[in-house]
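Read in order, the letters of the sequence shown correspond to residues 56 to 302 in the numbering used here.
What follows is one structure encoded as structure tokens, with my remarks underneath.
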Amino acid sequence: MGYTLECCVDSVESAIAAKKGGADRLELCSALVIGGLSPSQALYRKIREQADIPIRVLLRPRFGDFCYTDYEHEILKEEVRSFCKLGADGIVIGTMKPDGTLNLEQMKELMEEAQGMTVTLHRAFDMCQDPFQTLEEAKRLGIHTILTSGQKNVCTEGMDLLKELVEQAQGKTEILVGGGVDASVLPVLAEKTKAKAFHMSGKVSIESEMQYRKQDVSMGVASVSEYEIWRTSEKRIREARRVLDHL
56 MGYTLECCVD
66 SVESAIAAKK
76 GGADRLELCS
86 ALVIGGLSPS
96 QALYRKIREQ
106 ADIPIRVLLR
116 PRFGDFCYTD
126 YEHEILKEEV
136 RSFCKLGADG
146 IVIGTMKPDG
156 TLNLEQMKEL
166 MEEAQGMTVT
176 LHRAFDMCQD
186 PFQTLEEAKR
196 LGIHTILTSG
206 QKNVCTEGMD
216 LLKELVEQAQ
226 GKTEILVGGG
236 VDASVLPVLA
246 EKTKAKAFHM
256 SGKVSIESEM
266 QYRKQDVSMG
276 VASVSEYEIW
286 RTSEKRIREA
296 RRVLDHL
């Protein structure tokens with residue numbers, strides 16, 4: 056069995072670069088710089104025109120934790136229905152209770168709306184209190200993939216847990232390793248964790264084309280420049296693909 060390379064993108068340009076670089080599938084979101092939010096349907100349709108590889112859509116109604124109100128849950132359910140109708144290959148979801156466990160009631164309802172689409176449990180998993188219990192719950196829910204860094208900020212620090220999760224999953228649930236993945240760390244990750252799937256954005260910073268710049272006004276997070284754009288690098292994806300193909 057070969058290795059799967061998933062690329063997280065939030066623009067058409069990034070999706071095209073990921074496809075050209077050799078990504079097997081895309082995770083589509085918006086606002087990747089803050090961890091990813093639900094994308095627009097228009098963005099999905101435009102990327103679908105340009106990329107003939109599977110697209111899994113991240114659904115997250117807001118920045119912050121994964122403990123959602125009833126209103127937010129209803130929004131998520133509607134988004135699942137919408138992207139199902141659009142023909143998305145999968146959805147990427149995760150909801151939690153205040154005590155650090157999965158919100159199984161909400162997750163079941165989202166799974167029902169998915170109508171057979173592939174379902175990934177995103178890095179809400181990394182915020183759960185008991186990763187082994189959560190893995191078993193994910194299996195019972197019928198979740199196909201768990202995206203995780205091994206409950207650390209970067210996956211290279213979570214390799215011990217990642218290895219245990221791969222062993223416990225027994226191939227029934229795909230353990231998708233994310234959080235700091237690039238070509239340089241793939242050999243040690245693959246060897247130590249035995250994971251077969253990896254997730255990366257391969258993003259680089261490029262300068263805005265704006266010539267006139269209003270330096271005293273911020274449109275969002277003050278620490279993030281309005282004139283810095285993050286996009287996937289075809290070169291970085293190709294380097295990762297080359298490493299995986301030679302393992």
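In this text, a Cβ means the ideal position worked out from N, Cα and C, and glycines have one as well.
Check, Outcome
"Can you find at least 3 beta carbon pairs, one from the region 86-93 and one from the region 60-73, that sit closer than 8 Å?", "yes"
"Three or more C-beta pairs under 8 Å: does that hold for the region 283-298 against the region 100-113?", "no"
"Looking at the structure shown, is phenylalanine 253 part of a helix, part of a strand, or coil, going by DSSP?", "strand"
"For the alpha helix (DSSP H) that contains threonine 189, what are its first and last residues?", "186-196"
"For glutamate 127, which residues from the same chain have a beta carbon less than 6 Å from its beta carbon, with the 5 sequence-adjacent residues on both sides left out?", "Pro116"
"Can you tell me where the beta strand (DSSP E) with threonine 203 in it begins and where it stops?", "200-203"
"Start and end of the alpha helix (DSSP H) containing glutamate 82?", "Note, glutamate 82: premise wrong, no alpha helix (DSSP H); beta strand (DSSP E) at 80-83."
"Applying the criterion that 16 or more other CB atoms from any shown protein chain within 10 Å of the CB defines a buried residue, is glutamate 134 buried or exposed?", "buried"
"Across the region 246-258 and the region 217-232, are there enough close Cβ pairs to call them in contact, namely three or more that are closer than 8 Å?", "yes"
"Quick test of your reading: isoleucine 146 and arginine 111, contact by CB under 8 Å. State the CB separation rounded to the nearest angstrom.", "7 Å"
"Helix, strand or coil for isoleucine 146 per DSSP?", "strand"
"Would you mind sorting lysine 258 into buried or exposed? The rule is 16 or more other CB atoms within 10 Å of its CB.", "buried"
"Out of Ala143, Ala97, Ser95, state which residue places its alpha-carbon closest to the alpha-carbon of arginine 80.", "Ala143"
"Leaving out the 5 sequence neighbours to the left and right, which residues in its chain are closer than 6 Å to phenylalanine 118 when beta-carbon positions are compared?", "Ile89"
"Could you pull out every unbroken beta strand (DSSP E) segment of at least 3 residues lying fully inside the region 82-124, listed in chain order?", "110-113"
"Name the two residues that bound the continuous alpha helix (DSSP H) containing glutamine 258.", "Note that residue 258 is lysine in the sequence shown, not glutamine. Premise fails: lysine 258 lies in the beta strand (DSSP E), 258-262, not in any alpha helix (DSSP H)."
"Kindly indicate which three-state DSSP category valine 243 falls into: helix, strand or coil?", "helix"
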